[in-house]
Amino acid sequence: MLEDIKLNIQECKNIDLSNLNVDWDKFNLACVNYYNKWCHLTRNVNLKTFSNVQPIEHQVKNSYEGYFYGRSNDVFFNLKEFYGRELVDEEFMLPERSYNWYNSELKDEFLIIPEVISQVESATNLTFGHVKLRYVGPRHVEKIHIDHGDYRYHIPIVTNDNAFFVSNNQLFHMNSSKKLYKLSTTTPHTIVNAAGSQGRLHLIATDKNLEYTFTNEKLKQIIQEYIESAEKKLKNISVADYELNKNFYKEIKIVIKSLKKLNKL
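First residue of the sequence shown: 1111, per our numbering; consecutive thereafter.
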């Protein structure tokens, strides 16, 4: 009976890593232990840093990292993200070539993590820039978005049959920790973890030779577009919708006003 409700999902494009001399169970456990050690600070735990002289707390969590949320279908969410971080005041995007060091703690009890990543780079002829551990909890769906940069590379550390990607109107599985999955991020995509109780953890990396930088000027342009789109949506909200989400929409109006002031719009 259970087989009758399984989704027929194809596997994402990948490179087989099973021929590497790697103890995958030991590697996966090290990644989980490292994530568990620092997840109280951030949901996304960095494995590489742009400055290894920073305190380890800053190495694992840098607010202005090489990943950017990108364009999303959820205009209101993005406005709140911009406002909450006040990104307009700082050049926050670092090029991938800036991520030259593994977090200092990885040199000790977690040495297997950079060692395995180095083997993966050699086997695939890739050089990774920003590398992080990304957790997605059970019964969680990310907003649909487009990232900057062409691709992200994934190694599943812990996953389940009910975790999948939606990308370019298709569903994809990434279900083997012995494969490097290549996900295009230039089309709208999201991650769905439909498991009832199991979290999902991936190692995610960018190509150091590709450009992922993002400037304040580009950011201001996107914020202006989001404001215009949000104001248009607010005008078309039904009376019932407004009554149900009244406090949220009031908050959004405050955010729009503040962002206009920050961006001098």
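Backbone N, C-alpha and C define an ideal beta-carbon position, used for all residues, glycine too.
Check	Outcome
Inside the segment 1235-1322 only - beta strand (DSSP E) runs reaching at least 3 residues	1238-1246, 1261-1268, 1273-1277, 1280-1283, 1289-1294, 1299-1303, 1310-1317
Chain-order list of residues whose beta-carbon lies under 7 Å from that of K1289 (same chain, five-residue window excluded)	N1124, I1125, D1126, L1127
Backbone CA spacing between T1237 and N1138 [nearest angstrom]	21 Å
8 Å Cβ cutoff met for V1226 and V1132	yes
Segment limits, beta strand (DSSP E) that includes E1125	Rather than Glu, the amino acid found at residue 1125 in this sequence is Ile. Its beta strand (DSSP E) spans residues 1124-1126.
The segment 1232-1250 touching the segment 1275-1286, judged by at least three CB pairs closer than 8 Å	no
Counted within 10 angstroms of its Cβ, other Cβ atoms place K1158 as buried (16 or more) or exposed	buried
Proximity winner among I1333, N1162, N1118, relative to K1217 (alpha-carbon distances)	N1162
For Y1336 and N1188, believed in contact at Cβ under 8 Å, the rounded distance	5 Å
N1346 to I1366 span [Cα, whole Å]	16 Å
Host alpha helix (DSSP H) of V1349 (start-end)	1349-1354
E1206, buried or exposed, once every other Cβ within 10 Å from all chains shown has been counted against 16	buried
Beta-carbon proximity of S1208 to D1260, cut-off 8 Å	no
Same chain only: Cβ atoms within 6 Å of E1252, ignoring 5 sequence neighbours per side	T1300, I1301
Where Q1169 falls, given that 16 or more other Cβ within 10 Å makes a residue buried	buried
Contact belief for H1312 with R1244 at Cβ below 8 Å, rounded distance in angstroms	5 Å
Collapsed DSSP secondary structure at Y1144 in the structure displayed	helix
Contact check, S1214 vs I1166, beta carbons under 8 Å	yes
Identified DSSP bridge partners for Y1212	K1158
Beta-carbon contacts of I1119 that lie in its chain and below 7 Å, excluding the five residues immediately before and after	F1274, L1281, F1282, H1283
Integer-rounded CB distance, given that V1241 should sit under 8 Å from A1315	4 Å
Coarse secondary structure for E1341, derived from DSSP in three states	helix
N-terminal and C-terminal residue of the alpha helix (DSSP H) that I1166 is part of	1166-1170
Inter-residue spacing [alpha-carbon to alpha-carbon] between G1239 and V1276	25 Å
Cβ neighbours of G1309 in the same chain (closer than 8 Å, five flanking residues each side left out)	Y1245, V1246, G1247, P1248, V1268, N1303
Residue burial classification, A1140 (beta-carbon count within 10 angstroms, cutoff 16)	buried
Same chain only: Cβ atoms within 8 Å of I1362, ignoring 5 sequence neighbours per side	F1186, L1189, K1190, A1340, L1344
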